[in-house]
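Okay, structure first, notes after.
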Amino acid sequence: MKHRGRHRRRRRGAALRAVLAGTALALTATATLISTSQAEVAGNPGALRPLTSRADTGPLRLQERLVPARTLDRLAASMGRPVGVDAVLRTADHTLRSGAGCSAGDRATLPVAPATGRAYCWDRADAAATAWRPASVTTSGDADDDGVWGTHRVVLAGWTHSTAAGRAAERGLARVAFVDTDDPARPVYRWVLLVVPVDGGRDYRGLASGVSGMVWYRNKLLVTTTAGSADALYVYDLDRIQRTTATTPAVGRVPGGWSADGYGYVMPAVGSYRYAAGRCSASGPPCPGALSLDRGSAPDSLVAGEWTAPGSDRRARLWRYAFSEDPARGGLLATDSAGRADAVEAYATRVAGIRGVLSYRRPGAAAASWYVGHLSSSAGAHDGLWRQDRKGARPDHCGFDASHHCWARSAGSLSYWQETGEVWSLSDRMLFSVPLAALDRSTD
Numbered sequence: 002m003k004h005r006g007r008h009r010r011r012r013r014g015a016a017l018r019a020v021l022a023g024t025a026l027a028l029t030a031t032a033t034l035i036s037t038s039q040a041e042v043a044g045n046p047g048a049l050r051p052l053t054s055r056a057d058t059g060p061l062r063l064q065e066r067l068v069p070a071r072t073l074d075r076l077a078a079s080m081g082r083p084v085g086v087d088a089v090l091r092t093a094d095h096t097l098r099s100g101a102g103c104s105a106g107d108r109a110t111l112p113v114a115p116a117t118g119r120a121y122c123w124d125r126a127d128a129a130a131t132a133w134r135p136a137s138v139t140t141s142g143d144a145d146d147d148g149v150w151g152t153h154r155v156v157l158a159g160w161t162h163s164t165a166a167g168r169a170a171e172r173g174l175a176r177v178a179f180v181d182t183d184d185p186a187r188p189v190y191r192w193v194l195l196v197v198p199v200d201g202g203r204d205y206r207g208l209a210s211g212v213s214g215m216v217w218y219r220n221k222l223l224v225t226t227t228a229g230s231a232d233a234l235y236v237y238d239l240d241r242i243q244r245t246t247a248t249t250p251a252v253g254r255v256p257g258g259w260s261a262d263g264y265g266y267v268m269p270a271v272g273s274y275r276y277a278a279g280r281c282s283a284s285g286p287p288c289p290g291a292l293s294l295d296r297g298s299a300p301d302s303l304v305a306g307e308w309t310a311p312g313s314d315r316r317a318r319l320w321r322y323a324f325s326e327d328p329a330r331g332g333l334l335a336t337d338s339a340g341r342a343d344a345v346e347a348y349a350t351r352v353a354g355i356r357g358v359l360s361y362r363r364p365g366a367a368a369a370s371w372y373v374g375h376l377s378s379s380a381g382a383h384d385g386l387w388r389q390d391r392k393g394a395r396p397d398h399c400g401f402d403a404s405h406h407c408w409a410r411s412a413g414s415l416s417y418w419q420e421t422g423e424v425w426s427l428s429d430r431m432l433f434s435v436p437l438a439a440l441d442r443s444t445d
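Residue numbers (the numbering used here): 2 to 445.
Right under this line is the structure:
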């Protein structure tokens with residue numbers, strides 16, 4: 002397939018960076034400056050502390066569990082031939098809005114600093130569905146380093162339904178917006194519901210999980226699972242998307258066809274990674290709250306951040322797993338002969354309420370910096386972001402009082418699009434990007 006391969010469209014990437022730099026939106030210029038109460042400066046978390054002992058790194062071990070091929074084939078035989086990303090994008094039925102199409106309330110959720118390069122609010126019907134909340138983002142810049150999947154530039158945004166509101170069958174479900182950004186002035190998208198095959202592929206259930214982090218690498222999508230679970234990650238195959246044939250509220254097989262709560266597409270899980278030490282907890286394996294891809298490591302790696310409550314004084318963990326370099330295991334983690342994946346690097350941080358994490362080695366730097374976005378402990382406040390390494394920490398700051406609460410409100414995960422130099426993220430109301438160079442300047 003043409004969506005793989007490296008270093009194919011560098012000139013296009015340079016041109017796109019120039020366009021983005023020349024047409025950066027001024028949306029955040031209208032964002033309301035945070036109040037003194039919101040500007041309460043959080044304590045500096047200091048340097049990252051390396052975790053090297055077996056007692057520290059052992060709980061990070063994962064056990065890979067792949068869905069048998071016969072299960073996936075049985076499901077496809079009943080539902081019809083799987084389709085890919087192109088088929089989903091061709092049927093996009095929602096439009097993202099920008100500029101005047103977004104309300105002042107929408108724009109007020111954007112970062113105060115640095116200024117966004119691109120920013121979009123969701124289709125009004127989706128924005129009004131308050132039981133659904135966006136939390137994670139990844140792009141075709143993660144999937145392939147030329148930034149293109151087939152012929153498209155794509156952003157994926159993960160949303161999770163409330164576990165307390167709405168119909169019982171809908172609570173906790175996870176869906177992904179497949180956003181076609183080929184026309185930056187008018188991105189369009191289509192929803193795909195995440196599901197898990199059951200009964201040997203004779204049926205499926207909805208993935209009831211908080212998708213707070215996800216990474217699209219090669220043809221696989223890795224997503225986080227619900228806190229407190231022994232499962233750390235679910236794995237999806239972007240070439241195994243299935244069309245549904247019924248529009249009932251049910252999820253799974255129904256008389257005469259297949260339904261997904263009204264969604265036209267489902268993506269069935271092809272595997273999972275489970276902690277070998279059992280359920281995640283404060284004293285055991287970490288509950289993963291954020292994911293991202295680091296293309297600066299060798300090999301490419303999956304970066305993760307642990308979820309702890311905002312304001313917690315318990316150290317959170319940051320760590321990474323290497324991706325497999327075996328062509329037959331594209332998009333899966335590197336494992337030993339028993340299917341076990343061990344963390345190749347791990348740190349402890351004093352940042353709490355982590356919602357986004359990136360690892361990026363700046364040119365000329367001896368080691369990578371870790372960008373850690375976190376929720377504010379004050380309701381309604383803008384969140385914060387720190388750049389940490391083994392020497393110390395620097396905040397994203399803004400305003401005359403050098404506030405550290407400058408990031409988006411109810412911010413989601415982070416994703417670095419290497420080809421364009423953009424960092425993508427979400428607030429609770431908008432999808433946006435900022436230039437990594439601007440984020441660096443704001444944390445210098």
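Positions of the beta carbon are idealized from the N, C-alpha and C atoms, including for glycine.
Residue i versus residue j - alpha carbon distance
i, j, result
"residue 115", "residue 317", "26 Å"
"residue 78", "residue 150", "26 Å"
"residue 504", "residue 83", "Since the displayed the chain opens at 2 and closes at 445, residue 504 lies outside it and no answer follows."
"residue 411", "residue 49", "24 Å"
"residue 139", "residue 89", "17 Å"
"residue 406", "residue 332", "35 Å"
"residue 132", "residue 250", "16 Å"
"residue 33", "residue 391", "Summary for residue 33: the model assigns pLDDT 35, below 50, so the residue's position carries little reliability; its value from the coordinates is reported in the next sentence. Rounded to the nearest angstrom, the two C-alpha atoms are 34 Å apart."
"residue 278", "residue 285", "7 Å"
"residue 441", "residue 238", "34 Å"
"residue 376", "residue 248", "37 Å"
"residue 1", "residue 432", "Because the chain spans 2 through 445 in this model, residue 1 falls outside it and cannot be assessed."
"residue 28", "residue 396", "Any reading at residue 28 is ruled out, since the residue's pLDDT is 40, under 50, leaving its predicted position unreliable."
"residue 128", "residue 145", "30 Å"
"residue 341", "residue 347", "17 Å"
"residue 160", "residue 192", "10 Å"
"residue 101", "residue 338", "55 Å"
"residue 434", "residue 67", "34 Å"
"residue 180", "residue 219", "17 Å"
"residue 208", "residue 425", "24 Å"
"residue 172", "residue 365", "48 Å"
Helix, strand or coil at residue i according to DSSP, with G and I counted as helix
i, result
"residue 412", "coil"
"residue 440", "helix"
"residue 378", "coil"
"residue 144", "helix"
"residue 73", "helix"
"residue 349", "strand"
"residue 357", "strand"
"residue 51", "strand"
"residue 325", "coil"
"residue 170", "helix"
"residue 342", "strand"
"residue 314", "coil"
"residue 233", "strand"
"residue 302", "strand"
Unbroken alpha helix (DSSP H) run spanning residue i, endpoints
i, result
"residue 212", "No alpha helix (DSSP H) contains residue 212, which DSSP labels as neither H nor E."
"residue 88", "86–91"
"residue 219", "Segment: none, residue 219 is in no alpha helix (DSSP H) and carries neither H nor E."
"residue 127", "125–128"
First through last residue of the beta strand (DSSP E) which encompasses residue i
i, result
"residue 432", "431–436"
"residue 140", "133–140"
"residue 107", "Counting along the chain, residue 107 falls outside any beta strand (DSSP E), though it belongs to the alpha helix (DSSP H) covering 105–108."
"residue 61", "Note, residue 61: premise wrong, no beta strand (DSSP E); not H, not E."
"residue 262", "It is not in any beta strand (DSSP E) - residue 262 carries neither H nor E in the DSSP assignment."
"residue 150", "Premise fails: residue 150 is in no beta strand (DSSP E) and is neither H nor E."
"residue 333", "Run containing residue 333: none; DSSP gives neither H nor E here."
"residue 195", "189–199"
"residue 425", "423–427"
"residue 273", "266–276"
"residue 309", "No beta strand (DSSP E) contains residue 309, which DSSP labels as neither H nor E."
"residue 419", "Neither: residue 419 is in no beta strand (DSSP E) and is coded neither H nor E."
Check: residue i C-beta below 8 Å from any heavy atom of the ligand NAP
i, result
"residue 123", "With respect to the ligand NAP, the structure shown offers nothing to examine, as it has no ligands at all."
8 Å contact criterion, which residue i and residue j should meet: CB distance rounded
i, j, result
"residue 189", "residue 96", "5 Å"
"residue 357", "residue 244", "Rounded, the Cβ-Cβ distance is 33 Å, inconsistent with contact."
"residue 448", "residue 94", "Any question about residue 448 goes unanswered here, given that the chain covers just 2 to 445."
"residue 423", "residue 436", "6 Å"
"residue 386", "residue 408", "4 Å"
"residue 234", "residue 273", "6 Å"
"residue 323", "residue 352", "Actually they are not in contact, since the Cβ atoms of residue 323 and residue 352 sit about 24 Å apart, beyond 8 Å."
"residue 350", "residue 46", "6 Å"
"residue 253", "residue 206", "6 Å"
"residue 198", "residue 269", "5 Å"
"residue 216", "residue 292", "5 Å"
"residue 361", "residue 297", "6 Å"
"residue 414", "residue 136", "7 Å"
Three-pair Cβ contact test at 8 Å for the region 308–316 versus the region 96–107: Result no; under three Cβ-Cβ pairs closer than 8 Å.
Meets three-Cβ-pair contact criterion under 8 Å: the region 219–228 and the region 290–306: yes
Three or more C-beta pairs below 8 Å linking the region 324–331 and the region 365–376: No: fewer than three Cβ pairs fall under 8 Å.
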